[in-house]
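Position 197 of the sequence shown, counted from 1, bears residue number 197 in my numbering, the numbering being contiguous throughout.
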Amino acid sequence: MSKPFLIVVHDAAPLFEAELAAIFEQLNQRVGPRFSCAVVPNWHDEFRWDRNSGVASLLKHCDELLLHGWIHRRAASLSPVSWLAGRPDEFNGLTPAVIQQRIDWGLGELRGALDLQPNGMIPPAWQLPVSSPDVSGLDYVMRFRRLESCSDASSAVRLATWSWDWGRLRLFEWPGDWFGSLQHWLEPSVVPCVAIHPVDVPHGWLPRIDGLVQKFLDNGFTPVTPGELMASGTS
Ligand SMILES: [Zn+2]
């Protein structure tokens, strides 16, 4: 697999229908369905999916779906970093058994109620305080800097992630852009990963994201999904 790169839409939940529609339209024009989407089954314990809704039908226009936690919110935390980010780090502070229970609930909802078949997960805020092989029901876990197999601890693909959503930390939006560029410049062999969030739409980042995706295409990169990358054994 020569020069792969990833595009992943985060925070797919029914309340973001308008933003997701704008992101999907832009990506479908640029790369067709060659991207993946991280789905939150029960956003903030308030928004469940209706499989017949318009927002659910959007999910058919990307090549791979990933689980993205259960409710995407940490119940309570004294961590100022968690608070500043909007408490998206659902799994931090939980025991491994409770984390697995939430993964099972999420997979049950997506596979049962929605008839979706995610094989991988992006933990909310990329925070998963257990090792990937200790998670069951999934083939792989995508962290901020690595795509890890759940069956083989030694099998991982290193990533350079661009992200613009840092919760209340809007000052971090540009550094989030620069961090991906810096990491990829320091280590050109790592796989670029463009992480897009619904809030990037009102914050005005879509044109910049479109330009970045086009730049990868112009430079000979091929959009792939995390499952394809994991199967290829690229490291
Ligand atoms: Zn998220």
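Idealized CB from N, CA, C, for every residue including glycine.
The model shown is predicted, which means the values in this text are computed figures rather than measured ones.
Annotation: P124 to D89 spans about 5 Å, alpha carbon to alpha carbon. Rounded to the nearest whole angstrom, the C-alpha separation of L212 and M142 is 21 Å.
In this structure, DSSP gives D200 a helical state, which the three-state scheme calls helix.
DSSP, read as helix, strand or coil, puts P96 in helix. Taken through DSSP and simplified to helix, strand or coil, H10 comes out as strand. With a contact defined as Cβ atoms closer than 8 Å, A12 and V40 qualify at about 6 Å. DSSP, read as helix, strand or coil, puts E187 in coil.
The criterion of a C-beta distance shorter than 9 Å is satisfied by E19 and P202. Set against 8 Å, the gap from the CB of H44 to the closest heavy atom of ligand 1 is not smaller. Taking the Cα of D165 as reference, the smallest distance to any Cα among F5, K3, P14, V9 is reached at V9. In this structure R51 is exposed. Its beta-carbon is surrounded by fewer than 16 other beta-carbon atoms within 10 angstroms. Nearest C-alpha to Q29 among D210, F216, V135: D210. If the five residues before and after A153 are omitted, its C-beta is found closer than 6 Å to the C-beta atoms of P133, all from its own chain and listed in chain order. Non-local C-beta neighbours of R146 in its own chain, meaning closer than 8 Å and more than five positions away in sequence, comprise A156, V157, R158, L159, ordered along the chain.
Residue pairing from DSSP places P192 in a beta bridge opposite A160. Taking 8 Å as the cut-off, the C-beta of I99 does not count as close to any heavy atom of ligand 1. Judged by their CB atoms, L27 and L116 are not nearer to each other than the 9 Å cut-off.
DSSP places R146 in the uninterrupted beta strand (DSSP E) bounded by 146 to 149.
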